[in-house]
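For reference, the structure discussed in these notes is given below.
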Amino acid sequence: MAPKHRDGDVIASIPGQWISYAHTAIAYAAFLGALIVGMYLHYHKIVQNEHYGYPVEWFPSVSATIGDRYPERSVFMVFIAITSGPRFLLVALYYFMTARPNSSLPKFVAGVGIFRTLTCGGWTYVTSTDDHDWHDIFMISYLVATLPWTLGCLALSPPNPRAVYWRKVFAGSFFATLIPLIYFFIQHKVHRVPGAYTIYAFFEWSLVLLDVAFDAVTALDFNSFELVIKDVKGMSRGKVGVVADRVGETEKDKPIGNVLGAKFSWDGVLDAAADIYAGYVFWSILTSLGLLVWYFPLWYMGISGYEALVMTTISPFLLGIGPLKRLFVSQVRYVHLLSLVGLLAYLIAKPEHRLFAVGFGVWQSCLAWSTTFVSERANPGKLELRVLAFSIGLILSSIGKFAFRTNNPIWPVVPGDIGGWQKTGILLAILSFVRITRQPYGSTQAPEPTAKAGGSSLLSGLGLAGLFFAMHSLLSDSSTMILWVWEGWPVQGPLPVPHGAVTIFFMSFGLLLGVYYPTLIRTWTAFGIGSIGAAVLTSFSHWFGFYGALVFTTYIMAVAPTLISSAAKQRPGLTFFTGFFVYNLLVLAHVWVVAYAFVPGGFLLRERTGHVMGIMMIFIGCGVFSSQSMHARSRSKSSSSGISPFFRKQRSYYIWILLGLQLLSGSIAYLRFPSYDYKPHHPEEKSITAGIWTIHFALDNGMWTSEKRMADLIREMELDVVGLLESDLQRIIMGNRDSTQYLSEELGMYVDQGPGPNKHTWGCALLSKFPIVNSTHHLLPSPVGELAPAIHATIDAYGELVDVFVFHSGQEEDPEDRRLQSEYLAELMGSSTRPSILLSYLVVKTGEGNYNTYVSEKSGMRDIDPSDGADRWCEYILYKGLKRSGYARISRDTITDTELQVGKFVVGQPEGTDHLIPEHEVANGLRFPALFRGNGVRGHRYHVFDEPRYYA
729 MAPKHRDGDV
739 IASIPGQWIS
749 YAHTAIAYAA
759 FLGALIVGMY
769 LHYHKIVQNE
779 HYGYPVEWFP
789 SVSATIGDRY
799 PERSVFMVFI
809 AITSGPRFLL
819 VALYYFMTAR
829 PNSSLPKFVA
839 GVGIFRTLTC
849 GGWTYVTSTD
859 DHDWHDIFMI
869 SYLVATLPWT
879 LGCLALSPPN
889 PRAVYWRKVF
899 AGSFFATLIP
909 LIYFFIQHKV
919 HRVPGAYTIY
929 AFFEWSLVLL
939 DVAFDAVTAL
949 DFNSFELVIK
959 DVKGMSRGKV
969 GVVADRVGET
979 EKDKPIGNVL
989 GAKFSWDGVL
999 DAAADIYAGY
1009 VFWSILTSLG
1019 LLVWYFPLWY
1029 MGISGYEALV
1039 MTTISPFLLG
1049 IGPLKRLFVS
1059 QVRYVHLLSL
1069 VGLLAYLIAK
1079 PEHRLFAVGF
1089 GVWQSCLAWS
1099 TTFVSERANP
1109 GKLELRVLAF
1119 SIGLILSSIG
1129 KFAFRTNNPI
1139 WPVVPGDIGG
1149 WQKTGILLAI
1159 LSFVRITRQP
1169 YGSTQAPEPT
1179 AKAGGSSLLS
1189 GLGLAGLFFA
1199 MHSLLSDSST
1209 MILWVWEGWP
1219 VQGPLPVPHG
1229 AVTIFFMSFG
1239 LLLGVYYPTL
1249 IRTWTAFGIG
1259 SIGAAVLTSF
1269 SHWFGFYGAL
1279 VFTTYIMAVA
1289 PTLISSAAKQ
1299 RPGLTFFTGF
1309 FVYNLLVLAH
1319 VWVVAYAFVP
1329 GGFLLRERTG
1339 HVMGIMMIFI
1349 GCGVFSSQSM
1359 HARSRSKSSS
1369 SGISPFFRKQ
1379 RSYYIWILLG
1389 LQLLSGSIAY
1399 LRFPSYDYKP
1409 HHPEEKSITA
1419 GIWTIHFALD
1429 NGMWTSEKRM
1439 ADLIREMELD
1449 VVGLLESDLQ
1459 RIIMGNRDST
1469 QYLSEELGMY
1479 VDQGPGPNKH
1489 TWGCALLSKF
1499 PIVNSTHHLL
1509 PSPVGELAPA
1519 IHATIDAYGE
1529 LVDVFVFHSG
1539 QEEDPEDRRL
1549 QSEYLAELMG
1559 SSTRPSILLS
1569 YLVVKTGEGN
1579 YNTYVSEKSG
1589 MRDIDPSDGA
1599 DRWCEYILYK
1609 GLKRSGYARI
1619 SRDTITDTEL
1629 QVGKFVVGQP
1639 EGTDHLIPEH
1649 EVANGLRFPA
1659 LFRGNGVRGH
1669 RYHVFDEPRY
1679 YA
């Protein structure tokens, strides 16, 4: 029935499409008006950026155009203020047109539209000069809200073919434009490519035009509307009616309809959030175990015995005992709660006891989740939600590490001053576990199958092993596979920031494929594509290798729902025990490939990462085969089959949270994007302060991550260049971390992470205040012992090219390896005619043996202090073509097992002599900080000489 209105005289009648016309015209006038005025009055200033100006850069970006200059800034502000009126009306009319009973989506989309309008005013009227942080907050909020606004408008679009077509065109073009936009921004910011910013500016302007054009499409819908102004007396007698459409009905059986068209429920959202957080807790506890285990072989320099705790994951074997299985199913809440011991372990000071606590947490956590899967196997809807929670929990864990620079904030090894959130994490975990295990939503029963489900418990268990290993070893940190394909500067592939967000996006995309198209994912075609992705990742570098990584990522996350749900219907004790036990073997294998020199039978797996990857994919194939056998009689093409409407609606909240996590990931990437405007500490002296430090995998003597303590010392020692050794942390046993992310961002330094995890070394890295012009990675001859990594980098120091070598020699037990390595490195250093610095771990004594190969006519290198023979055994700084002005040795305190050695050099001056001079004869910019004299600070002081040495 049509709504009733009080009679009155019509004062004015405004066609609805005029609102769209006004919004489009005024918005374009704001941007284009500022562009015309800016180019007329300040052309050369607005095309200038931090690297280049006219004529190299000849078109201004949006931000430069509407920035701080008068009058273009005022032109933009005036018109954008006028735009707000039509904008609010546009949002309101779209809501009235799309609102329908029992649907929360139109309200949500309208709310997003209002939010975008307000945040647009925020970044318009608060410029980066006024308040950089608030400007970024408003801008990011506006961009983040663009995704739900666009998707919501598409989902609600009335059945108008022209409008739907143009919305798809403009929305698709908008998001497609983001890819080249980011690419050319990185070309400008990282590679400093001339002209790249101009191309970036064109894509940035395209985004503006497409954003406004998307909303201009409403003119095609609003032509059936008319805004009438009447002169009436009294109040309205009823609620204004709204126009209804049939989109929800026509889309309700489609994936987007299931997600966007469901009636909103706070209980449903809280259930989904609690479930996902529980999955996050599982992955947090599991990923912390290897890191704690690794502490002990580090200090024992070999097998310690504590490695046995990796087997704490096999607790699901208890599900093979009938009475125990029934007990665990009925009391799964308490099994979950007991796993929190793994988080509470941060309160335990003694490393051994902390490890045991985490091991117990892993035991309980693996048992709890296996029990949860098994108990829900009779209800496809519940089981699907649990698998979603488990998988999105991994994605949330990866995002958490992305935000906290590869440290998980609730790990029991992360101190509070570097981002430890253990108290908050434990509180949320308790609330989550209580909520997800309540009745009637929680686990209730685990009926025995009345008939053989098909498939094989053993094969399903092998499938789980391959799946868990792939998820843990390669997807638990967004930067792991990026470092697999990293080959040095200039950058020819992805970077951990911002491209970690791309990995996270494809994890989510793959999971959605697995939920909505399980039949497709179970095919051998999909398995073959995933295997090709794994092979490309293993065999290639740069962007091509990363494309393989994304294909592999998509497949692994897509196949997870199929493998886990199939395994849940098999014999639980055998299936989940097999899964976790074989997963443990794969974990050990992928450590053995690099630790072969220290473990029994290590030669069998030496440098065989490809073999481990192949076995992993074969195991996943076993799981796929078992799953196919189980579903052989099923003709379902969608996971919706057999799932009640209630669980389909509940699934929508998981998907909404997943979409929200993508926005969070993108925001983190934006906020963490490096500035690349780093400056050396003493440019007035043209000095380079260089250091070498063996950081022992960024785990200190007390079993805490040590990045902050290292950053404090490096900053206070005013290092411009530092080589880090034993720095590759991208393995399960080391937590899949990258300490250089924290150090480079905190200290403002360029970074080369060195040979990747697939190169089978303990790692070396280079941090530099100076731009890294070029770098190459080397694996030195090592016929018997561990591989010796090296970086040969060229930096731009005050306009002069300087070579920096970072090198970790093989261990003492392999003299032939070390001899061959010394000859290789001497030849490499000798091939450079540029001024050079070697930051190294040589395993030689001063003046003896291979020392005379490193310091020789062949290499052209000199020792920074040949008179220093006091226990230098490992760390050495060599140089040529630079004036050496100072040398110091700084005690490590409890950060690592090796001191920090530092040398000061002056660019553009001859090498000088070995004559020592007093400090007062040295320019202030060439002196070492006085902070570390005497007793020093925090356990760091000048030792051996008790003070720095200076040279004429």
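Per this note's numbering: the sequence shown = residues 729 to 1680.
From the three backbone atoms N, C-alpha and C, an ideal C-beta is built for every residue, glycine too.
Beta strand (DSSP E) containing residue i: first to last residue?
i	result
A1521	1516 to 1525
With a Cβ-Cβ cutoff of 8 Å, do residue i and residue j count as a contact?
i	j	result
E1639	G1662	no
S1093	I1013	yes
P724	E932	Nothing can be reported for residue 724, as the shown portion of the chain is limited to 729 through 1680.
L1508	T1468	no
L906	Y928	no
S1293	L1071	no
T1134	V1090	no
D1531	S1560	yes
I1460	S1058	no
F1274	I1232	no
G1018	G1664	no
L706	I1423	Nothing can be reported for residue 706: it is not among the residues displayed for the chain, which extend from 729 to 1680.
A1157	Y1005	yes
W1320	I1500	no
A1680	I1645	yes
Name the one or two DSSP bridge partners that residue i has.
i	result
V1634	S1415, K1611
P672	Nothing about residue 672 can be read from this structure; the chain reaches only from 729 to 1680.
R1617	Q1629
E1528	A1525
D1591	L1606
Are the C-beta atoms of residue i and some chain B residue less than 8 Å apart?
i	result
S789	Reference to chain B is not applicable here, since this structure consists of a single protein chain.
With DSSP run on the structure shown, which of helix, strand or coil describes residue i?
i	result
K1407	coil
Y1569	strand
N1502	strand
C1492	strand
R920	coil
F1533	strand
T1574	coil
G1451	strand
H1668	strand
E1540	coil
D1545	helix
I1013	helix
V1479	strand
I1423	coil
T857	coil
Y1245	coil
K967	Reliability fails at K967, whose pLDDT of 39 lies under 50, so the model's placement of it is uncertain and no value is given.
K1365	Residue confidence for K1365 is low, a pLDDT of 42 falling below 50, so the modelled location carries little weight and cannot support an answer.
Would you give the residue range spanned by the alpha helix (DSSP H) that residue i belongs to?
i	result
P1204	With the sequence shown as reference, residue 1204 is identified as Ser, and Pro is not the correct amino acid for it. Element bounds for S1204: n/a, residue is neither H nor E.
L1475	1467 to 1475
D1674	Note, D1674: premise wrong, no alpha helix (DSSP H); not H, not E.
V1057	1050 to 1058
N1312	1300 to 1323
V1287	1270 to 1296
D1456	It is not in any alpha helix (DSSP H) - D1456 carries neither H nor E in the DSSP assignment.
L1156	1150 to 1164
W1091	1079 to 1103
Does residue i pass the burial test, meaning 16 or more other C-beta atoms within 10 Å, or should it be called exposed?
i	result
K980	With a pLDDT of 45 at K980, under the threshold of 50, the modelled position of that residue is not reliable, and the figure given next carries that caveat. Counting Cβ neighbours within 10 Å, K980 comes out exposed, since fewer than 16 surround it.
V1060	buried
A990	Any answer about A990 is weak, because its pLDDT of 49 lies below 50 and its placement is not dependable; what the coordinates show is given next. Looking at its Cβ environment, which holds 16 or more other Cβ atoms inside 10 Å, A990 is buried.
G1228	buried
A755	buried
A1658	exposed
T1622	exposed
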